[in-house]
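Residue numbers (the working numbering): 749 to 1435. Notes to accompany the following structure.
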Ligand code: ADP
Ligand code: MG
């Protein structure tokens, strides 16, 4: 029997070279690939609804006779047809139409239409319904729910349906290979595929919408197993390359810690010890450190860096923004200055001769500790002996960027160790899926003396009161942030908005020293504004979200966030983490624009009611989904075909078990599973 995995799509009716090429862009080469191109949702076209029963907002099939059709000149020219059945009449409206279409809608023609019912100027209407004319009296309605496939331009829904129904016809003769190990398959694969491409009219639609039908769970389980295996494979490939063993240096570490003005927390000590143990092994460390904002991750990074430098291996520290990298530069200069560790700076703005000189010192090994931004993983950056890579605020980087940097040791030296730090606590369920290739440490304790930030929601209509509050706080010698948000990605627009706000506030508060910081400023200007704020020379800092991560000014105890409803929860939590770092009780004002959407209200309320990063992350996952939470939408990491999080979290324990069984007893299944589910993406993972 031929497997359906070896029948090319070209064999299907209607697939010429052009369509085959478009399908290949989708990663669809064999007929089996079509079967795993799963519908996003379904429409019910199995029943014809009497016109009198049509309700606004519903997707319906109706049938009737055209009474009249005319081109109407309103605000927009449109073709309007009135159709009637034995129970009532309804209007079809087309803004784009051809002459042929107009003449096809002659009075007396019987039509079957599918579309959404809306309220228009003539009562209930359908805009641009799909329709066809009926010849006989009783043409049967659709026998199954109609699948809606994921697509971009180039391949239409009807084409996908035509292709998938042909694939289904072949499925019966050539069932796909079952890749789950014996005893761990809860539902027959062929039956699941058939069900999901063509669910029967009485299928439980609510269950399907939530992804909880047993057929969906069966495929989600397989997809999650495939994803897990591909991450493990990535991890094993990295480990197989080996790494320099960086011997533990307890004496140096103790001396360093003793030089600090504070004692590390128990959690920091625990994580430092975990890292020290990893680094000492000749296998690359792949460790994710999660710690809420202000938990002191930088210190942990410093301990790790020290161990590498003491073993004469270079360290690269990469931060997502220039401001944050600059702050690390400041911290490490203070801490390592007395130890005379040669440090180097490299960001996108390091240009020309300066850049050449920096690259030279990195390549020669003269620079022991290199701090910078994305610029660190450009092609021409070569290290002599890179022992450790530290990536701060991981959620801002995609996985492929992380891998690009670790390709950077010289040949024959293995891989550098990797430490990834994130302040966005990642829900456990999600990290099991997204970071199965990493070990995790959690700094679950804040340094002593921190006070939780009190958060309030205030309508922008009461902006004047908020401005007074800022004046009062600053009058008492406190410092405040005023954060301007914009949805637009554009730095220029964000900068403009912040500028306007700073001017407005300066007019309202002429006696206050107000600073402005945004992403479009020259680094030197940014630096001097930050320094002035840190030194207390500025009372109020108006900023864009560039200050989101890392910025550390303990005397700042009030933060106003404008239009917080535009941001995700994790980002708001990050921003708020800029206050509550000192001894004063701190406050955060969420100055929202009314009216709030239901989910906007829920997000802001979650933030008001909790300062627990893990709780907030779970909420964020629930409200926005994993792609947004991880910020990895572009990397394709979390783009599952059928699995959904958190809807399928309950499958994750089973995923672990099955993956282990496959790796231990059925190794040959792993490659086939990865190929089936991640196909094209896998090449990308191997960069
Ligand atoms: P984050 O985890 O958000 O990156 P940082 O590393 O920036 O936090 O630390 C926040 C602040 O807390 C810094 O000013 C840092 O010097 C200070 N800090 C770190 N560890 C301790 C500690 N154990 N005791 C007191 N202060 C600490
Ligand atoms: Mg930090």
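Cβ atoms here follow ideal geometry from the backbone N, Cα and C, with glycine treated the same way. Small disclaimer: the values here were computed from a predicted structure and weren't measured.
- If you draw a straight line from the Cα of residue 1286 to the Cα of residue 903, it comes to about 58 angstroms.
- One thing to note: residue 1205 has its Cβ within 8 angstroms of the Cβ of residue 1338.
- Here residue 784 is buried: its Cβ has 16 or more other Cβ atoms, across all protein chains shown, within 10 Å.
- Proximity of the beta carbon of residue 1011 to the ligand ADP is indicated: a heavy atom of the ligand is located closer than 7 angstroms.
- In the three-state reduction of the DSSP assignment, residue 1189 falls in the strand class.
- Looking at the backbone, the Cα of residue 1088 and that of residue 1057 are separated by about 11 angstroms.
- Our two residues, residue 781 and residue 1135, have alpha carbons roughly 42 angstroms apart in a direct line.
- Shown here, residue 842 sits in a strand according to DSSP, grouped into three states.
- Remark: the shortest separation between the CB of residue 1323 and any heavy atom of the ligand ADP does not fall under 7 angstroms.
- In this structure, 990 is the residue among 1242, 922, 990 with its C-alpha nearest to the C-alpha of residue 1161.
- Inter-residue distance for residue 1124 and residue 1291 is about 26 angstroms (C-alpha atoms, whole angstroms).
- 8 angstroms or more divides the Cβ of residue 1197 from the Cβ of residue 1017.
- Closest by C-alpha distance to residue 1424, out of 1393, 1388, 1413, is 1388.
- As computed with DSSP, residue 864 is found in a beta bridge with 807.
- Beta-bridge analysis with DSSP links residue 1120 to 1066, 1094.
- Ranking 1349, 975, 807 by CA distance to the CA of residue 1406 puts 975 first.
- In this structure, DSSP gives residue 972 a helical state, which the three-state scheme calls helix.
- Remark: the C-beta of residue 1420 is outside contact range of the ligand MG, defined as less than 7 angstroms to any heavy atom.
- Under a 10 Å Cβ-count criterion, residue 1095 is classified as buried, with 16 or more other Cβ atoms of the shown protein chains found around its own Cβ.
- Not one heavy atom of the ligand MG falls within 7 angstroms of the beta-carbon of residue 1318.
- By the Cβ-count criterion, residue 1321 is buried, with 16 or more other Cβ atoms from all chains shown falling within 10 Å of its own Cβ.
- Distances from the CB of residue 1090 to the heavy atoms of the ligand ADP are all 7 angstroms or more.
- Nearest neighbour of residue 888 by Cα position, chosen from 752, 997, 1305, 810, turns out to be 810.
- For the 8 angstroms CB-CB criterion, residue 1030 and residue 1163 do not form a contact.
- DSSP links residue 1262 through a beta bridge to 1288.
- Put simply, the backbone Cα of residue 1241 is about 10 angstroms away from that of residue 1267.
- By the C-beta density criterion, residue 751 is exposed, having fewer than 16 other C-beta atoms within 10 angstroms.
- When secondary structure is reduced to three states using DSSP, residue 1305 falls in the strand class.
- Taking the Cβ atoms as the reference, residue 1201 lies roughly 18 angstroms from residue 1288, outside the contact range of under 8 angstroms.
- Residue pairing by DSSP places residue 1207 opposite 1340 in a beta bridge.
- Only residues of its own chain outside the window of five on either side were considered, and among them 841, 842, 843, 844, 863 have a CB closer than 8 angstroms to the CB of residue 876, listed in chain order.
- The region 929-944 and the region 955-970 touch, with three or more beta-carbon pairs separated by less than 8 angstroms.
- If you check the CB distance, residue 1091 and residue 1081 come in under 8 angstroms.
- The C-beta separation of residue 1116 from residue 1199 comes to about 38 angstroms, leaving the pair out of contact by the 8 angstroms criterion.
- A direct Cα-to-Cα measurement between residue 1299 and residue 1075 gives close to 7 angstroms.
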